[in-house]
Structures are given as structure tokens and as C-alpha cells.
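**Student:** Top to bottom, those sequences are chains A and B. The first sequence runs 1 to 272 under this note's numbering. The second sequence runs 273 to 544 under this note's numbering. Virtual Cβ for every residue (Gly too), placed ideally from N, Cα, C. I am attaching a structure below and will ask some questions about it afterwards.
2 protein chains.
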Amino acid sequence: MRIAVVAPSCTLHRDAADEVAAIVAARGDAELVVHPQCFASTGHFAGPDIQRLAALREAMADPSIDAIWFARGGYGSNRIAEAAALDLPDAARAKHYLGYSDAGFLLAAFDRAGLSVAHGPMVQDVLRSGGRDAVDRALNWLVRRDAAALEPGLDRTKRALAFNLTVLSSLLGTALEPDFSDTDLLIEDVAEHEYRIDRAMFHITQSAAVRRCAAIRMGRMSDIPENEPGFGSDAEAIVRDWCARSGIAFGGPADIGHDSANRVVPFDPERD
Amino acid sequence: MRIAVVAPSCTLHRDAADEVAAIVAARGDAELVVHPQCFASTGHFAGPDIQRLAALREAMADPSIDAIWFARGGYGSNRIAEAAALDLPDAARAKHYLGYSDAGFLLAAFDRAGLSVAHGPMVQDVLRSGGRDAVDRALNWLVRRDAAALEPGLDRTKRALAFNLTVLSSLLGTALEPDFSDTDLLIEDVAEHEYRIDRAMFHITQSAAVRRCAAIRMGRMSDIPENEPGFGSDAEAIVRDWCARSGIAFGGPADIGHDSANRVVPFDPERD
């Protein structure tokens, strides 16, 4: 099993790469190929768009690579997502793709293109408290499709979707928008004020496309900055409220989020 | 000329109301009716949704009121915008509506409903440096349709749209989405990081609906928080880049923004 790491958004921390390489070596069940582009740095990004796109496309086209594991989030994969999914070589179709947060733009683009994508931990998550668990979970999924890595509420007879809420809000109406029909839609977010969570929930639940989903399940909304004055409602109440207003079923909690407990959500079980 | 002030988003500062009342009294060309709801406070909002909606609908239905002037922005008018535009009484159709920022959700809803709306200064802008100018400009527009109040680049033979960029991004795909066809679309924003401006520009320019606009004109993007590391591009370059990528004409600067120089942009000259 050869796993390529590329950074379509922001620069990977060198120590995260080293720690994960050591974990993979110790496990002995996979080979990690960290693309040098992961350490490029141009302004906000891990290199300019053309470099990030080229590294990703290179890994996608490489028949010796079995899976592409996104290095980390941040911001920027939307700038290359549509191009990354065009004119796919066969080798790209034979791979699995794993990431979350800003990488959700790529999950959406690649899922639309028929590829096997999953929402789950990334390389830089090793730096989180308990991050080793996240990395092992990701590897257990990529290497041996370990069912224990999966988000426990998934109905494995149908498609699911999982996104960072703000990323989801930012791709509605674009060429990346998924087909939500009859899917469980899992959302999570980090470091957004409650008024921003409320606005994003307004946005996604007022979308006719999103309303075709079977239910919205709520992952963790962590590191919410203080609202001044207090917002008057918490994240779960906000999500429940917009589900109720829009006639979308609230499917309860989901075990995903910006933390080391983040479980894996494959979008399409038929592509596992 | 009777002008009602309501607060569909956040609580109006009492001293702003007092200052503007004194300005209106000194001018002697209008009567200001500040609804007590403006000073209500429930969590983040100027009262719960039902109270904000009721105050707005009351003013809309009052035939003695000629114009509704939104008190301020913040966040929250999206929570009542769709309901506010339903089953409009005739008195609501005979009025003009003025505001911007979060009030853009209401501008969109009311414009869709055929009402006369304009993007321009609000009551609480009096507290800004030079805020008296903003208030006089708003009143000159509301009371006597003073052409000097208008954004100077407007083509008054056709429709225009003006929005806070983040608000616009949050209403795409909802029932509030305007018809962008052949309009000049003016955008402004405040206190958003460059990566958020970039993401919002991605979102709006990848919308097939927005791509029907004639051009995007860029108002001020103010109080941009520091990016760490530097983003690598500034707001104007970001806007130009996404216009170029998406085939939307960049129409140059627009004299709007979260400041006292903010000019008035009526959406439909035929409804003036």
C-alpha cells in the first residue's frame, strides 16, 4: 500500500510529516510518499495554485500510488478543485482519497467525478492532543478498510456526505455542489462564531438542493469564539432550529470534528 | 416625509438614535419615528425574531410611513427576511427601504417582491468618523431623491445590485437570491480576512446566477484582519482574479463600504 501525501491548501508542518512517517514505518503496513510540494510556501498557500495542482495531479496519475492523503486544511483547495477533477487518468480512478476541512472542496469535486473519497483525519492532525489515534484511524481505513475507523452512525447501504459547514456553504451553487438526494449530511466546524454558524445553517438549509438530503447530523463545532453579547443559543440549538424551520430531519450527533476523535465518513460505500 | 426606523438585526445604540433624531429635527424636512423595538435586546439580536418581524411588518403596513430606514447591521435580518416579504399590504409597496450590510438580506427579499430598495447608510452610521455626512446623504436620498447621494458610477437606465460580499455569499441559492441578469453588481465587506474574501469571491463567481451580471464593481474592503502568514495578494487583486477566472467583467471601484463615504445604490431606478 503506497500512500501519497500532497497539500492542496496550506503548508504541512515538517515535524508533523516526520512524526507520521515514523508511525507508518513502525506499523510496517504501508509506504508513505510525502510530496515535496507539501513544504512549499507562497503567501497563504503551500505553493502557488499551479504547483499545488501539479503535485496533486502527479500523484493522481501515478499508478504505483494506492491512496492520496491530504496533508492538512487551512484554505485554498477550492482554487484548484475543479481543474483537479478534469480529464482523469485511469490511475486516478483506482485510488482512494482522504481528508476534511478545506479539503472538502476536493472531496466534493472528486466524488462528483466518481472517485472514492472519505472525510477523515489528515497528516497534520498528528500534532493534536491524542493525534496518534487520528493518524492510526486514518491509516487503518486506508490500508485495511477497518470498520472501527468509521463514523458509527453511518448507514453503509447508502451514500453519505460530510463537510465542514463553512466549506459546504461556500460550495453551494458552484460546479462542486454534490447531489444531496437521500444522503445523510454530516457537518462539523471549528473557530466560527455562533452568528456565523447560524448564518451558514440558514444558507445551507434554505438551499433546495440541500433539502433533498435525508437528514443532517451534527459533528462537533469546536473552538467557538466568544460572542459579545452572548448569542442566546448554542450550536446544537442553532442546527436543530434551522433543520426544523426547513423541514430537514435532524439526525442527531455525528462523531466528526476538528479533533483527534474525528471518524471516517466514506461518501459512497460502493466505491470502497 | 415620515421615516420609520426598525432594527431587523442587532440593537440600535441609544445615543445614535438621539443624534440622528437631533439631525432630523434641525433639518426640518422629515419626521423620524424610531420604533421602540430598536432598543430591545435578546442575545445577539434586537429582540427575538417574532418581535423584530412584527416591528418591521407594522412599519411596512402603516400608510403614514413613507420610508423604512434600517437602524444598523450586525447579524439577523436573514432570519425574518422571507417572512417579511410575504403577503405585502399595499402600504408596504408605496414605501422606500434603505440599509446595507446585514440588511442586504432584506434588500434582496424586498427587491424580489417589487419594492423600492436602496443600499446605503443606516442610522447607527452616525457614530462613525464623519458619520453626520452619511446620515445627511441617506436623508437627502430618502427625502428628496438627491442625485448627489448616489454612487457616482451607476448607470441609471438599468438595475444595479449592491451587497456586502459575505451576505451575498450567504443568500445564493436561497429564496432571497436576486436575478443578476445584466446588472452591475457592487460589493463591499468589512472585517473579513483575505482568505475569507478569496473564498467568498470563489463562491459568488462560480455561481451560474451571478455570472449573468454585467460586471462586478468593488467597494471598499475595510478593517481586514492580519493574515498569518501574509496572504500574498490584496483584496483588489483577489476580486480582479476571480472576475478574470470566471469571465465576469471587472467594472472598477465602487464608492460604497462600511464607512461614512458610503453612497446610495438604488436597485431599480424605475421604482425610485
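1. Sort B:Asn534, B:Ala353, B:Ala521 by Cα distance to Arg324 (chain B) and report the nearest one.
2. Would you grab the beta carbon distance between Ile65 (chain A) and Val6 (chain A) for me? Rounded to a whole angstrom, and I think it's under 8 Å.
3. Name the one or two DSSP bridge partners that Glu188 (chain A) has.
4. Within 10 angstroms of its Cβ, does Thr477 (chain B) collect 16 or more other Cβ (buried), or is it exposed?
5. Taking the alpha carbon of His35 (chain A) as the point to measure from, which residue in A:Met60, A:Ala113, A:Gly173 has its own alpha carbon closest?
6. For a test of the three-state rule: what should DSSP assign to Phe267 (chain A), helix, strand or coil?
7. Would you check if there are 3 or more beta carbon pairs closer than 8 Å linking the stretch 279-291 of chain B to the stretch 208-226 of chain A?
8. Taking the CB atoms as reference points, tell me whether Phe452 (chain B) and Arg489 (chain B) lie closer together than 8 Å.
9. Output the boundary residues of the alpha helix (DSSP H) element that contains Glu151 (chain A).
10. Just tell me which of A:Ser41, A:Asn262, A:Val24, A:Val117 has its CA closest to the CA of Val190 (chain A).
11. On the DSSP bridge assignment, give the partners of His391 (chain B) in chain order.
12. Please report the residue range of the beta strand (DSSP E) in which Phe180 (chain A) lies.
13. Tell me Ala215 (chain A)'s beta-bridge partners as DSSP assigns them.
14. Check whether the Cβ of Gly230 (chain A) lies closer than 8 Å to any Cβ atom in chain B.
15. Do we get a CB-CB distance below 8 Å when we pair His13 (chain A) with the residues of chain B?
16. Helix or strand or just coil, what does DSSP make of Phe231 (chain A)?
17. What distance in whole Å lies between the Cβ atoms of Ala302 (chain B) and Val389 (chain B), which are believed to be in contact at a cut-off of 8 Å?
18. Distance check for Tyr467 (chain B) and Leu448 (chain B), CA to CA, integer angstroms please.
19. Is any beta-carbon of chain A found at less than 8 Å from that of Gly491 (chain B)?
20. Do Ala108 (chain A) and Leu171 (chain A) come within 8 Å of each other at the CB atom, strictly closer than that value?
21. Are the stretch 251-267 of chain A and the stretch 161-168 of chain A in contact at 8 Å, needing three or more beta carbon pairs?
22. I'd like to check one pair, Ile295 (chain B) with Val407 (chain B): are the Cβ atoms closer than 8 Å?
23. Please decide whether Phe250 (chain A) counts as near chain B, where near means a Cβ-Cβ distance under 8 Å.
24. Is it buried or exposed for Pro229 (chain A), if we count other Cβ within 10 angstroms and need 16 for buried?
25. Is the beta carbon of Thr166 (chain A) sitting closer than 8 Å to the one on Glu188 (chain A)?
26. Which class does Arg72 (chain A) belong to by DSSP, given the choice of helix, strand or coil?
27. List the residues of chain B that Phe180 (chain A) touches, going by C-beta distances under 7 Å, in chain order.
28. For Phe202 (chain A), return the contacting residues in chain D, with the cut-off set at a CB-CB distance below 8 Å.
29. Taking 8 Å as the CB-CB cut-off, is Arg471 (chain B) touching chain A?
30. Would you kindly work out how many angstroms separate the C-alpha atoms of Arg365 (chain B) and Leu387 (chain B), rounded to a whole number?
31. If you reduce the DSSP assignment to three classes, tell me which class Ile275 (chain B) lands in.
32. What whole-angstrom Cβ distance do Asp383 (chain B) and Pro450 (chain B) have, given they're in contact under 8 Å?
33. For Asp62 (chain A), collect the residues of the same chain with a Cβ closer than 8 Å to its Cβ; drop the 5 residues on either side in sequence, then sort them by chain order.
34. Relative to the C-alpha of Arg471 (chain B), which candidate in A:Ser41, A:Ser77, A:Gly130, A:Ala54 has its C-alpha closest?
35. Considering only the beta carbon of each residue, do Ala260 (chain A) and Arg128 (chain A) sit closer than 8 Å?
**Tutor:** From the atom records:
1. Working through the second sequence from its first residue, we reach residue 324 (chain B) at position 52. When only C-alpha atoms are compared, the closest one is B:Ala353.
2. Start at 1 with the first residue of the first sequence, and residue 65 (chain A) comes out as number 65. Start at 1 with the first residue of the first sequence, and residue 6 (chain A) comes out as number 6. In fact, because the Cβ distance is near 10 Å, the residues do not count as touching under 8 Å.
3. Locating residue 188 (chain A) in the first sequence gives position 188, counting from the first residue. According to DSSP, which records beta bridges pairwise, Glu188 (chain A) is partnered with A:Asn164.
4. For the purposes of this step, residue 477 (chain B) is identified with residue 205 of the second sequence, where counting begins at 1. Counting Cβ neighbours within 10 Å, Thr477 (chain B) comes out buried, since at least 16 surround it.
5. What you label residue 35 (chain A) is simply residue 35 of the first sequence in a count that begins at 1. Minimum Cα distance to His35 (chain A) is reached at A:Met60.
6. Counting from 1 along the first sequence, the entry for residue 267 (chain A) is found at position 267. Residue state, collapsed to three classes: coil.
7. no
8. As a working note, residue 452 (chain B) is residue 180 in the second sequence. As a working note, residue 489 (chain B) is residue 217 in the second sequence. No.
9. Here residue 151 (chain A) is taken as the residue at index 151 of the first sequence, counted from 1. Per DSSP, Glu151 (chain A) belongs to no alpha helix (DSSP H) and is neither H nor E.
10. The residue you call residue 190 (chain A) lines up with position 190 of the first sequence. That would be A:Asn262, whose Cα lies nearest to the Cα of Val190 (chain A).
11. As a working note, residue 391 (chain B) is residue 119 in the second sequence. In the DSSP output, where bridge partners are listed per residue, His391 (chain B) has B:Gly371, B:Val537.
12. For the purposes of this step, residue 180 (chain A) is taken as residue 180 along the first sequence, with counting starting at 1. No beta strand (DSSP E) contains Phe180 (chain A), which DSSP labels as neither H nor E.
13. One-based indexing of the first sequence puts residue 215 (chain A) at position 215. Bridge partners of Ala215 (chain A): A:Asp184, A:Ala249.
14. Taking the first sequence and counting its residues from 1, one reaches residue 230 (chain A) at position 230. True, the Cβ-Cβ gap to chain B drops below 8 Å.
15. Start at 1 with the first residue of the first sequence, and residue 13 (chain A) comes out as number 13. No, no contact with chain B.
16. Taking the first sequence and counting its residues from 1, one reaches residue 231 (chain A) at position 231. DSSP places Phe231 (chain A) in coil when its eight states are reduced to three.
17. Within the second sequence, numbered from 1, the residue matching residue 389 (chain B) stands at position 117. Within the second sequence, numbered from 1, the residue matching residue 302 (chain B) stands at position 30. Not really, about 19 Å apart at Cβ, beyond 8 Å.
18. Here the question's residue 448 (chain B) lines up with position 176 in the second sequence. Here the question's residue 467 (chain B) lines up with position 195 in the second sequence. Their Cα atoms are separated by approximately 25 Å.
19. In the second sequence, counting from the first residue as 1, residue 491 (chain B) sits at position 219. Not closer than 8 Å to any Cβ of chain A, the Cβ of Gly491 (chain B) fails to qualify, so no.
20. Walking along the first sequence from the start, residue 171 (chain A) turns up at place 171. Walking along the first sequence from the start, residue 108 (chain A) turns up at place 108. Contact: yes.
21. yes
22. On the second sequence, position 135 is the one that residue 407 (chain B) refers to. On the second sequence, position 23 is the one that residue 295 (chain B) refers to. Yes, Cβ-Cβ distance for Val407 (chain B) and Ile295 (chain B) is below 8 Å.
23. As a working note, residue 250 (chain A) is residue 250 in the first sequence. Taking Cβ atoms only, chain B never reaches closer than 8 Å to Phe250 (chain A), which makes this a no.
24. Taking the first residue of the first sequence as position 1, residue 229 (chain A) is located at position 229. Label assigned to Pro229 (chain A): exposed.
25. Translated into the one-based positions of the first sequence, residue 166 (chain A) becomes position 166. Translated into the one-based positions of the first sequence, residue 188 (chain A) becomes position 188. No; because the gap between Cβ atoms is not below 8 Å, this pair is not in contact.
26. Locating residue 72 (chain A) in the first sequence gives position 72, counting from the first residue. It is coil, neither helix nor strand.
27. Residue mapping note: residue 180 (chain A) aligns to position 180 of the first sequence, counting from 1. What Phe180 (chain A) touches in chain B: nothing, since even the nearest Cβ is about 12 Å away.
28. In the displayed structure, chain D is absent; the protein chains listed are A and B.
29. Counted from its first residue, the second sequence places residue 471 (chain B) at position 199. Yes, Arg471 (chain B) lies at the interface with chain A (some Cβ there is under 8 Å from its Cβ).
30. The residue you call residue 365 (chain B) lines up with position 93 of the second sequence. The residue you call residue 387 (chain B) lines up with position 115 of the second sequence. Their backbone Cα atoms lie some 6 Å apart in a straight line.
31. Residue numbering aside, residue 275 (chain B) sits at position 3 when the second sequence is read from its first letter. Strand.
32. Counting from one through the second sequence, the residue named residue 383 (chain B) turns up at place 111. Counting from one through the second sequence, the residue named residue 450 (chain B) turns up at place 178. Indeed, because the Cβ distance is near 6 Å, the residues count as touching under 8 Å.
33. By one-based count along the first sequence, residue 62 (chain A) stands at place 62. Contacts found: Ala4, Ala91.
34. As a working mapping, residue 471 (chain B) is identified with position 199 in the second sequence. The shortest C-alpha separation from Arg471 (chain B) is found at A:Ser77.
35. Position 260 of the first sequence, counted from the first residue, corresponds to residue 260 (chain A). Position 128 of the first sequence, counted from the first residue, corresponds to residue 128 (chain A). As written in the sequence, residue 260 (chain A) is Ser, which differs from the Ala given in the question. Closer than 8 Å, so yes.
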